[in-house]
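Order-wise, the sequence lines are chains D and S. Here our numbering is used: the first residue of the first sequence is 135, the next is one more, and so on. Here our numbering is used: the first residue of the second sequence is 1090, the next is one more, and so on. Glycine included, C-beta positions come from ideal geometry on N, C-alpha and C. All values derive from a computational prediction rather than experimental measurement.
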Amino acid sequence: MKPDDFEQKLQRQALRQIPAEWREEILKSANDAGTVRRVVRGRPRETSLPNWLSTSLWPHPKAWAGLAAVWVLILAVDFSNRDRSPVRAEKSTPPSPEVIVELKQQQRLLAELIGSRDARDADRSKQSIPRPRSEHAEILMV
Amino acid sequence: MRRGTDLERLYDEHAQSLYAYLLNFTRNEADTRDLLQDLFIKLARDPAWLAGIRDERAFLIRLAHNAAIDLMRRRHVRERMKENLAVEIISPFAPSGDLDEQAFRAALARALAELPPDQRTVVHLKLWERFTFEQIAEALGIPLNTAASRYRYGLDKLRERLRPLYEEIK
């Protein structure tokens, strides 16, 4: 679309010039702001615990705070459920003579049983004859 | 160093256009300076903004336009609170030694000031930046037809407003 005379007349009107002194001022402000930004970005990480924590937790502080709260709650519940009575090593009363006699009888019986089983095992090992492996497996299964 | 050089280049290539555009939009030199400075500070802080931008001028005009709209919104709120706020109105045109031209420029400045800002910005970009309607649409984030119609409405109003003076000095 070709501009008409009126448009051309408007186009010829010279616009106000930007004040020359602005160049230095604006560029200085901009460069200073850019330098500050770069310094902040380029600063080496401090290794103290608070700094480490703040940088680690920064992305999702609420989530980390929630997690910490849950842990505190769990610990609190755990402590409250613990048995508060001190554990005492109570002296056990000595068993009665009847109980001792009964225990000795049981021990003797057990010893006899074990002893007879050992004897049977020993006999079986003497009687066993070599067989194919497949039959060994069957015996084991039985 | 490279960053500083880039900023200087950007300033030398675009600051005049941005200044004229912002001055026509705000009609206030102090606001124009603040907006221009903020724009260059943002560019210095984040040079990646211009990465992959084909038309730097259109992009910068868009940034300036958005910043100016934000400022105007804030100003409207302030003005509602302080009704008697005195705002310095300044012409976007250079002074002329020719009296007829000076009168025409003054009348043109007033006529432009009476246009709604959305028409004024399109008229400015079309007439003094020589943007195409496609560029205007891209810079202002509006449909192409809207850019064309805003220009037509704005120009018709200027024509009507300036007709007597224009006929006289033509």
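Considering just the uninterrupted stretch of the alpha helix (DSSP H) at residue i, what are its terminal residues?
i: asparagine 1234(S); result: 1233-1258
i: serine 214(D); result: 195-215
i: proline 1136(S); result: No alpha helix (DSSP H) holds proline 1136(S); DSSP gives it neither H nor E.
i: aspartate 138(D); result: Here aspartate 138(D) belongs to no alpha helix (DSSP H), and DSSP marks it neither H nor E.
i: alanine 1192(S); result: 1188-1203
i: alanine 115(D); result: Outside the shown range of chain D, which is 135 to 276, sits residue 115(D), and nothing can be said about it.
i: threonine 1221(S); result: Looking at the DSSP string, threonine 1221(S) is not in any alpha helix (DSSP H), and its letter there is neither H nor E.
According to DSSP, which residues form a beta bridge with residue i?
i: phenylalanine 1182(S); result: Leu149(D)
Residue i: buried (16+ other C-beta within 10 angstroms of its C-beta) or exposed?
i: alanine 154(D); result: exposed
i: glutamate 158(D); result: exposed
i: proline 1184(S); result: exposed
i: leucine 1244(S); result: buried
i: arginine 150(D); result: buried
i: glutamate 1102(S); result: exposed
i: valine 211(D); result: exposed
i: isoleucine 208(D); result: exposed
i: phenylalanine 1220(S); result: buried
i: serine 116(D); result: Residue coverage of chain D in this structure runs from 135 to 276, which leaves residue 116(D) outside it and unanswerable.
i: serine 214(D); result: exposed
i: arginine 1162(S); result: exposed
i: glycine 1122(S); result: The sequence given here places arginine at residue 1122(S); glycine does not occur at that position. Burial call: buried.
i: glycine 1230(S); result: exposed
i: tryptophan 1217(S); result: buried
i: glycine 168(D); result: buried
i: alanine 1236(S); result: buried
i: lysine 1215(S); result: buried
i: glutamate 180(D); result: Reliability of the predicted coordinates at glutamate 180(D) is poor, the pLDDT of 49 falling under 50, and the value obtained from them is presented with this limitation in mind. Glutamate 180(D) should be labelled exposed.
i: isoleucine 248(D); result: exposed
i: alanine 1109(S); result: buried
i: aspartate 1135(S); result: exposed
i: asparagine 1113(S); result: buried
i: arginine 1239(S); result: buried
i: alanine 1153(S); result: buried
i: alanine 1157(S); result: buried
i: aspartate 138(D); result: exposed
i: leucine 1174(S); result: Low per-residue confidence applies at leucine 1174(S): pLDDT is 48, beneath 50, and the placement is therefore not dependable, though the value from the model is reported in the following sentence. The residue is exposed, with fewer than 16 neighbouring Cβ atoms inside 10 Å.
i: alanine 1133(S); result: buried
i: lysine 238(D); result: exposed
i: proline 178(D); result: The predicted position of proline 178(D) is uncertain, since its pLDDT is 48 and thus under 50; no value can be drawn from it.
i: alanine 164(D); result: buried
i: aspartate 1127(S); result: buried
Could you tell me whether any non-hydrogen atom of the ligand MG is closer than 7 Å to the CB of residue i?
i: arginine 1239(S); result: You won't find the ligand MG in this model; it holds no ligand whatsoever.
Taking a cut of 7 Å between CB atoms, which residues from the region 141-162 of chain D lie near chain S? Glu141, Lys143, Leu144, Gln145, Gln147, Ala148, Leu149, Arg150, Gln151, Ile152, Trp156, Arg157, Ile160 and Leu161
Relative to chain D, which residues along the region 1199-1222 of chain S have a C-beta separation below 7 Å, given in chain order? Leu1216 and Trp1217
For the region 1103-1117 of chain S, which residues have a CB atom closer than 7 Å to at least one CB atom of chain D, in sequence order? Ala1104, Gln1105, Tyr1108, Ala1109 and Leu1112
Three or more C-beta pairs below 8 Å linking the region 1184-1203 of chain S and the region 1138-1156 of chain S: Judged by Cβ distances under 8 Å, the region 1184-1203 of chain S makes no contact with the region 1138-1156 of chain S, as fewer than three pairs qualify.
Does the region 1206-1224 of chain S touch the region 1236-1253 of chain S, meaning 3 or more C-beta pairs lie closer than 8 Å? yes
Inter-stretch contact at 8 Å, needing at least 3 Cβ pairs: the region 1193-1206 of chain S / the region 138-149 of chain D: yes
Any C-beta of chain D within less than 9 Å: which residues of the region 1178-1190 of chain S qualify? Ile1179, Ser1180, Pro1181, Phe1182, Ala1183, Pro1184, Ser1185 and Glu1190
Select from the region 1119-1133 of chain S all residues with a C-beta closer than 8 Å to any C-beta belonging to chain D, and list them in chain order. Listed by position, the residues of the region 1119-1133 of chain S near chain D (Cβ gap below 8 Å) are Arg1122, Leu1125, Gln1126, Phe1129, Ile1130, Leu1132 and Ala1133.
Under 8 Å, CB to CB, which of the residues in the region 1225-1242 of chain S have a partner in chain D? The residues in question: there are none.
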